[in-house]
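In what follows, a single structure is set out as structure tokens and then discussed.
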Amino acid sequence: MPATKNRSDDQTAFPHVGDRVAFQWGLETLEGIIVEDRGNLGIGGARMFRIEAELEPEHKIALELPTYEFKLKAA
Amino acid sequence: MPSVALQQWTSVRAVSLDQIEQAHLSVGGAGRGRRYATQQINQAYVMLLCSQFQAFCRDLHTECVESLVTAVTPVIMQSALRTEFLLDRKLDRGNPNPGNIGADFSRLGVRFWPRVLSLESRNAARRTQLDILNTWRNAIAHQDFAPVRLSGQTTVQLREVRVWRRMCNNLSDAFDQVMYDFLHSVTGIIPW
Chain A
23 MPATKNRSDD QTAFPHVGDR VAFQWGLETL EGIIVEDRGN LGIGGARMFR IEAELEPEHK
83 IALELPTYEF KLKAA
Chain B
4 MPSVALQQWT SVRAVSLDQI EQAHLSVGGA GRGRRYATQQ INQAYVMLLC SQFQAFCRDL
64 HTECVESLVT AVTPVIMQSA LRTEFLLDRK LDRGNPNPGN IGADFSRLGV RFWPRVLSLE
124 SRNAARRTQL DILNTWRNAI AHQDFAPVRL SGQTTVQLRE VRVWRRMCNN LSDAFDQVMY
184 DFLHSVTGII PW
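Chains as they are written, first to last, in this note's numbering: chain A, 23 to 97; chain B, 4 to 195.
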């Protein structure tokens with residue numbers, strides 16, 4: 023089983039608060055947790071989620087990403 | 004078409020505000036008990052108005068960040084840029100006062116309040132009213148009605164909250180317009 027699930031392959035997987043996700047951050051792939059569903063505020067009404075991730079130990083970042091820019095991590 | 008944030012302000016958020024105003028009107032009687040009950044509702048109305056306006060501003064900011072970031076290349080840097088624009092965003096935890104709103108939107112590269120003020124002369128008075136609304140919001144949240152901060156008042160009237168709501172309506176239109184013009188001129192793309 024792959025470490026990440028691509029939602030384009032799995033239409034039943036919809037992101038929820040608390041889900042672990044992986045996303046591209048510059049040249050790195052970071053892992054984070056969805057902390058808020060921001061609604062359809064993205065380009066063309068894309069659903070946006072606020073995600074918190076640890077960039078380095080004790081250095082958390084928060085960003086808001088549309089669904090197509092992150093992948094759900096398997097539980 | 005307005006931003007999603009403005010669409011929500013004029014629909015979902017307006018309904019929520021209408022409901023609390025309806026609660027005020029539905030409190031019956033004419034005695035002292037009614038005056039006390041309506042004062043509690045007025046205070047709740049102030050809190051709700053302030054929180055809904057904060058949510059509108061925060062939503063509009065998110066839309067603006069998204070519009071700017073998706074116009075940037077290389078694409079691989081977009082998420083890092085998003086993080087920078089959202090870093091320590093005042094509207095994530097602070098009141099929607101003129102200072103916090105200006106600080107967050109100005110970081111996107113626009114002289115926010117000067118543009119809002121140049122849009123319409125009455126926006127200067129509306130900015131002052133927004134400051135007063137936030138002062139009342141804090142007084143209610145902390146139950147500290149020091150008259151020196153509230154122009155000698157210790158209660159808030161429905162007609163005052165209605166004035167603040169109209170002010171929020173007018174400023175939400177202005178914010179939407181200013182950011183539309185800015186984003187369009189910077190990216191060349193119609194943002195919403």
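Heads up, the beta-carbon is just placed ideally off N, CA and C, and yes, glycines get one too.
A quick note: this is a predicted structure, and the numbers were derived from the prediction, not measured.
Could you say which of A:L63, A:A35, A:V43, A:G40 lies nearest to V68 of chain B if we only look at CA atoms?
-> Relative to the Cα of V68 of chain B, the nearest Cα in the group A:L63, A:A35, A:V43, A:G40 belongs to A:L63.
Opposite V43 of chain A in the DSSP bridges: which residues?
-> According to DSSP, V43 of chain A bridges with A:G54, A:L94.
Minimum Cβ-Cβ distance from T26 of chain A to chain B less than 8 Å | With a pLDDT of only 46 at T26 of chain A, under the threshold of 50, the placement of this residue in the model should not be trusted; the figure read from the coordinates follows. It does not: the Cβ of T26 of chain A has no partner Cβ on chain B nearer than 8 Å.
Name, please, each residue of chain A whose Cβ falls closer than 8 Å to the Cβ of A83 of chain B.
-> A83 of chain B reaches chain A at W47, G48, counting residues in chain order whose Cβ is nearer than 8 Å.
Under the criterion of a Cβ to heavy atom distance below 7 Å, does F115 of chain B qualify as lining the ligand ADP?
-> Among the ligands in the structure shown, none appear at all, so the ligand ADP cannot be discussed.
Three or more beta-carbon pairs under 8 Å between the stretch 12-32 of chain B and the stretch 78-98 of chain B, yes or no?
-> No: the two stretches stay apart, fewer than three of their Cβ pairs being nearer than 8 Å.
Grab me the residues of D41 of chain A's own chain with a C-beta within less than 6 Å of its C-beta, minus the 5 sequence neighbours each way, in chain order.
-> If we look at D41 of chain A and ignore the five residues flanking it on each side, its Cβ neighbours are I56, L94.
Please state if the CB of K82 of chain A and the CB of E91 of chain A are separated by a distance shorter than 8 Å.
-> At a Cβ-Cβ threshold of 8 Å, E91 of chain A and K82 of chain A do not count as neighbours.
Just the chain A side, please: which residues come within less than 8 Å of V181 of chain B by C-beta, in chain order?
-> Near V181 of chain B there are no residues of chain A at all, since even the closest Cβ is about 18 Å away, more than 8 Å.
Three-state secondary structure assigned by DSSP to R61 of chain B = R61 of chain B sits in a helix when the DSSP states are folded into three classes.
In three-state terms, what does DSSP make of R72 of chain A?
-> Strand, per DSSP.
Report buried or exposed for V18 of chain B, applying the criterion of at least 16 other Cβ atoms within 10 angstroms of its Cβ.
-> Exposed.
Put D59 of chain A into one of helix, strand or coil per three-state DSSP.
-> If DSSP states are grouped into helix, strand and coil, D59 of chain A belongs with the strands.
Helix, strand or coil: which one does DSSP assign to D31 of chain A?
-> For D31 of chain A, the pLDDT reaches just 46, beneath the cut-off of 50, and the residue's location in the model is therefore unreliable, leaving the point undetermined.
Could you please tell me which residues of the stretch 86-110 of chain B, in chain order, have their CB closer than 7 Å to any CB of chain A?
-> Within the stretch 86-110 of chain B, the qualifying residues are T86, L89.
Starting from the C-beta of G97 of chain B, find all residues in its chain whose C-beta is less than 6 Å away, skip the five residues before and the five after it, and write them out in chain order.
-> Within the same chain, N103 come within 6 Å of G97 of chain B by CB-CB distance, once the 5 residues on both sides are set aside.
Segment limits, beta strand (DSSP E) that includes H27 of chain B = In the DSSP assignment, H27 of chain B falls outside any beta strand (DSSP E) and within the unbroken alpha helix (DSSP H) covering 15-29.
N- and C-terminal bounds of the beta strand (DSSP E) containing I65 of chain A | For I65 of chain A, no beta strand (DSSP E) encloses it, and the DSSP letter there is neither H nor E.
Return the residue from the list A:A96, A:T51, A:V39, A:R60 that minimises the CA-CA distance to A83 of chain B.
-> Considering only A:A96, A:T51, A:V39, A:R60, the residue with the shortest C-alpha distance to A83 of chain B is A:T51.
DSSP on H38 of chain A, reduced to helix/strand/coil?
-> Reduced to three states, the DSSP call for H38 of chain A is coil.
Within 8 Å of chain B by C-beta, residues of the stretch 73-94 of chain A in sequence order | Within the stretch 73-94 of chain A, the qualifying residues are I83, A84, L85, E86, L87, P88, E91.
Using a Cβ-Cβ distance under 8 Å, would E123 of chain B count as near chain A?
-> No, E123 of chain B does not count as interfacial toward chain A.
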